[in-house]
Amino acid sequence: MPRGPELSPSTRSRICSLRTDAKYSYGKIASLFPYIPRSTIVSTCKLEAIRGKENDSCKRTGRPRNLSEEERDTIYDYIQQKPSCRYYELLDLVDNKICERTLRDLLKEFGLRKWRKITRPQLTEIDALNRLAWAERYRNFTPDDWARVYFSDKTSIERGSGAGAQWTFVRPIHQAQEGKGDPESARGGVTSNVVHSTYSTYLPTILSNRSNAIFMHNNASTHTAHIVRDLLQEIGIEVIQWPPHSPDLNPIENLWGLLKRKLLECFPELYDMPNNDDTRRYLIEAAQSTWSQIDADILRKLSISRQKIM
C-alpha cells in the first residue's frame, strides 16, 4: 500500500490530546478519525515525546548515501582541476560505487553540467552586425549562385583525435576567449608565404574555365597579406567578403568532423601507431583516401545549404 499523506501538526496535537488528556483508547480515537489508519494513530501517540510541543514531522534518515562526504569532495575537486574529464574517470575515483545515473544526479546537486566546448570566441555586438550585413548581402543568392563559391578552410588531423565533439564542465561564457591562450605555446605553421604557395599551385587548376567563380577564405592575417591579395587579383577571382569569427557559416566546417570520424573508422590502427615520420606519411595517405570517399552529394548539399541559413 502506498504511503498516505502526512498528518498536520494540529491533527497530531488533537490525537495526542485525546489519548493523553481524555484517556481515549486507540479504537475510540480511530472512530473519530475514520480516514486515518489505527496504526498511524498509535505511532502518532507514541512519537509525541520525540516530536515535541509543535508536533512537527520527525526527520527521516532515508536511504544512506553511497558516497561519503570525502568522496563527494573528491569528485567535485577533480572536476575543478580537470573540467574536460569524462564520466568514467569520476566513477573510477570512487571505485565505481555508484552508477552513471547517480553520478549525474550528484553533479546536478553540485550545480554542474556538461557544456559543449566552443569552437570560436564569443561574438561581440560589432561581430553580430557584420554577420547580419553579410547575410543581407547574400540573402538572394540562389543554389546556382552558391555553386559558384569555392570554400576553403584548414584543419589539423591527429592520431586518434577529432572523432567527436568535446565536452567540459566549464560554461561557454567562461571558456577560453581569443587572445587569452597560452603565450608560451609554440609558434609556426601556416604563414602567408605558405598560403601564397598553396594558392598559386592549386587555384589556377581548380578554377580553370570558371570565369564567374567566387573564392571564400576567412579574415586570417595570412589571407589578408599583400602577397596573397595580389595573387588573387592576378588570378582574377572574386573574393567573398567574410564576416569575422564565423567559421559556422563555412560549410567545410561540417566536413571536418565527418572526415575525422570516417578516418578513424577506416583506419582504426592510427590510435596505437607511434609518433614518427612513417606514421605521419601513413596518416596523410589515409586522410587523402578518406577524403576521396566522401559522397559528392554531401558536398553539394552543404554548398546549397548556405541559402537556408540566411
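Going left to right, the sequence shown walks through residues 788 to 1097 as the numbering used here numbers them. All residues carry an ideal CB built from backbone N, CA and C; glycine is no exception.
Worksheet item: In whole angstroms, what is the alpha-carbon distance linking leucine 893 and leucine 899?
Response: Working through the sequence shown from its first residue, we reach residue 893 at position 106. Working through the sequence shown from its first residue, we reach residue 899 at position 112. Approximately 9 Å, taken between the alpha carbons.
Discussion item. Measuring straight from C-alpha to C-alpha, what distance separates tyrosine 863 and lysine 904?
Written reply: As a working mapping, residue 863 is identified with position 76 in the sequence shown. As a working mapping, residue 904 is identified with position 117 in the sequence shown. Whole-angstrom Cα-Cα distance: 20 Å.
Discussion item. Please report the distance separating the alpha-carbon of serine 1076 from that of lysine 895.
Written reply: What you label residue 1076 is simply residue 289 of the sequence shown in a count that begins at 1. What you label residue 895 is simply residue 108 of the sequence shown in a count that begins at 1. Each residue's Cα considered, the two are about 44 Å apart.
Fill in: Helix, strand or coil at tyrosine 937 [DSSP, three-state]
Here residue 937 refers to the residue found at position 150 when the sequence shown is read from its first residue. DSSP places tyrosine 937 in strand when its eight states are reduced to three.
Worksheet item: Are three or more beta carbon pairs between the segment 1045-1053 and the segment 917-932 nearer than 8 Å?
Response: no
Discussion item. Counting C-beta neighbours from all protein chains within 10 Å, is the total for tryptophan 1078 16 or more, i.e. buried, or is it exposed?
Written reply: In the sequence shown, counting from the first residue as 1, residue 1078 sits at position 291. Answer is exposed; the Cβ neighbour count stays below 16.
Discussion item. Tell me the DSSP secondary structure of tryptophan 1078 in three-state form.
Written reply: Along the sequence shown, read from residue 1 onward, the residue named residue 1078 stands at position 291. Three-state DSSP puts tryptophan 1078 in a helix.
Worksheet item: Which two residues bound the contiguous beta strand (DSSP E) that contains isoleucine 781?
Response: What the structure shows of the chain is the stretch from 788 to 1097, and residue 781 is not part of that stretch, so it cannot be assessed.
Practice prompt. Just mark isoleucine 866 as buried or exposed, buried being the case when its beta carbon has 16 or more other beta carbons within 10 Å.
Written response: Counted from its first residue, the sequence shown places residue 866 at position 79. Buried, because 16 or more other Cβ atoms sit within 10 Å of the Cβ of isoleucine 866.
Discussion item. So, with DSSP's three-state summary, where would you put glutamate 793?
Written reply: On the sequence shown, residue 793 is found 6 positions in, with the first residue counted as 1. Reduced to three states, the DSSP call for glutamate 793 is coil.
Worksheet item: Smallest Cα separation from isoleucine 823: which of Asp808, Leu880, Pro792?
Response: Translated into the one-based positions of the sequence shown, residue 823 becomes position 36. The shortest C-alpha separation from isoleucine 823 is found at Pro792.
Worksheet item: Taking the DSSP output, what are the residues bridged to threonine 929?
Response: Along the sequence shown, read from residue 1 onward, the residue named residue 929 stands at position 142. According to DSSP, threonine 929 bridges with nothing at all.
Discussion item. Using only the alpha-carbon positions, how far apart do leucine 916 and leucine 1036 sit?
Written reply: For the purposes of this step, residue 916 is taken as residue 129 along the sequence shown, with counting starting at 1. For the purposes of this step, residue 1036 is taken as residue 249 along the sequence shown, with counting starting at 1. The alpha-carbon atoms of leucine 916 and leucine 1036 are separated by roughly 15 Å.
Worksheet item: Counting pairs of Cβ atoms below 8 Å between the segment 931-949 and the segment 1003-1016, do you hit three or more?
Response: yes
Discussion item. Taking the straight line between their C-alpha atoms, what separation do you get for threonine 978 and valine 1015?
Written reply: Counting from 1 along the sequence shown, the entry for residue 978 is found at position 191. Counting from 1 along the sequence shown, the entry for residue 1015 is found at position 228. About 11 Å.
Discussion item. For the alpha helix (DSSP H) containing glutamine 1028, name the first residue and the last one.
Written reply: Here residue 1028 is taken as the residue at index 241 of the sequence shown, counted from 1. Premise fails: glutamine 1028 is in no alpha helix (DSSP H) and is neither H nor E.
Worksheet item: So what does DSSP say about arginine 806, is it helix, strand or coil?
Response: By 1-based counting over the sequence shown, the position of residue 806 is 19. Arginine 806: helix per DSSP, three-state reduction.
Worksheet item: What does a CB cutoff of less than 6 Å around serine 871 pick up in its chain, not counting 5 residues either side in sequence?
Response: Taking the sequence shown and counting its residues from 1, one reaches residue 871 at position 84. For serine 871, where only same-chain residues beyond five positions count, the Cβ hits under 6 Å are Thr955.
Practice prompt. Within 10 angstroms of the Cβ of leucine 741, are there 16 or more other Cβ atoms? Answer buried if so, exposed if not.
Written response: Past the boundaries of the shown model lies residue 741; the chain is included only from 788 to 1097, so the question cannot be answered.
Discussion item. Taking the straight line between their C-alpha atoms, what separation do you get for leucine 877 and arginine 918?
Written reply: What you label residue 877 is simply residue 90 of the sequence shown in a count that begins at 1. What you label residue 918 is simply residue 131 of the sequence shown in a count that begins at 1. Using only the alpha carbons, I get a separation of about 41 Å.
Worksheet item: Do you know how far the Cα of histidine 1032 is from the Cα of lysine 967?
Response: As a first step, residue 967 must be located in the sequence shown, where it is residue number 180. As a first step, residue 1032 must be located in the sequence shown, where it is residue number 245. Because lysine 967 carries a pLDDT of 45, less than 50, the predicted location of this residue cannot be relied on, and the following value inherits that uncertainty. Lysine 967 and histidine 1032: Cα-Cα distance of roughly 15 Å.
Practice prompt. Give the C-beta separation of tryptophan 933 and serine 1090 to the nearest angstrom, bearing in mind that I take them to be a contact with Cβ-Cβ under 8 Å.
Written response: By 1-based counting over the sequence shown, the position of residue 933 is 146. By 1-based counting over the sequence shown, the position of residue 1090 is 303. Right, their Cβ atoms sit about 5 Å apart.
Worksheet item: Where does threonine 942 fall in DSSP's three states?
Response: In the sequence shown, counting from the first residue as 1, residue 942 sits at position 155. Residue state, collapsed to three classes: coil.
Practice prompt. Could you check the C-alpha separation between arginine 799 and alanine 817 for me, to the nearest Å?
Written response: If you number the sequence shown from 1, residue 799 lands on position 12. If you number the sequence shown from 1, residue 817 lands on position 30. Taking the straight line joining both Cα atoms gives about 13 Å.
Worksheet item: Exposed or buried, histidine 983, counting other C-beta atoms within 10 Å across all chains shown (16 or more means buried)?
Response: Within the sequence shown, numbered from 1, the residue matching residue 983 stands at position 196. The residue in question, histidine 983, is buried, as its Cβ has 16 or more Cβ neighbours within 10 Å.
Worksheet item: What separation, rounded to the nearest whole angstrom, lies between the Cα atoms of alanine 1073 and phenylalanine 1054?
Response: Here residue 1073 refers to the residue found at position 286 when the sequence shown is read from its first residue. Here residue 1054 refers to the residue found at position 267 when the sequence shown is read from its first residue. Their Cα atoms are separated by approximately 7 Å.
Worksheet item: What's the C-alpha gap between arginine 1067 and aspartate 882?
Response: Here residue 1067 refers to the residue found at position 280 of the sequence shown. Here residue 882 refers to the residue found at position 95 of the sequence shown. Going by the C-alpha atoms only, they are around 38 Å apart.
Discussion item. At the level of alpha carbons, what is the spacing between serine 995 and phenylalanine 897?
Written reply: In the sequence shown, the residue the question calls residue 995 occupies position 208. In the sequence shown, the residue the question calls residue 897 occupies position 110. Roughly 59 Å between the two C-alpha positions.
Discussion item. Could you compute how far the alpha carbon of cysteine 873 sits from the alpha carbon of aspartate 879?
Written reply: Here residue 873 corresponds to residue number 86 of the sequence shown, with the count starting at 1. Here residue 879 corresponds to residue number 92 of the sequence shown, with the count starting at 1. Cysteine is not the amino acid found at residue 873; the sequence shown has arginine there. Going by the C-alpha atoms only, they are around 10 Å apart.
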